[in-house]
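Following our numbering, the numbering of the sequence shown begins with 5 at its first residue and continues without gaps.
First comes the structure, then the notes that go with it.
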Amino acid sequence: MTEHRSFYRKLGYMIAIAILWFPIYEISHPALIDAEGNHSTGGKLAQLRDANQLSDAALGEIDPTSQTAELATLGLGGVAVQLLWTARTNIK
């Protein structure tokens, strides 16, 4: 009986993930410009970034070193900083 419960629980998780994926996409999909020059506004987060001028280009010159570090950490720079800070404070 536990084999069936485990299967149904996994199936429920997969259905929940599939259902939650759609609103997350609608909120966070980026603004795009297609080959014909048509501009899509993107999701709510992209619209807020445009309204508040929070893109990398709006902040000035883009630093290739920081962009490389962001790609190397797979966007988890904040987690890496927290781990390094915790390791530093535990040494003392």
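For glycine and all other residues, C-beta sits at the position ideal for the given N, C-alpha and C.
All values derive from a computational prediction rather than experimental measurement.
- In this structure, the CA atom of Y29 is about 10 Å from the CA atom of L49.
- Excluding five sequence positions before and after L36, the CB atoms of its chain that fall closer than 6 Å to its own CB belong to S44, given in chain order.
- Spanning the alpha carbons of P68 and N94 requires a straight line of approximately 32 Å.
- Per DSSP, the unbroken alpha helix (DSSP H) holding H8 starts and ends at 6-32.
- Bounds of the alpha helix (DSSP H) holding Q51 are 48-56.
- S32 has its alpha-carbon roughly 15 Å from the corresponding atom of G79.
- DSSP places E74 inside the alpha helix (DSSP H), whose first and last residues are 68-76.
- DSSP places I95 inside the alpha helix (DSSP H), whose first and last residues are 81-95.
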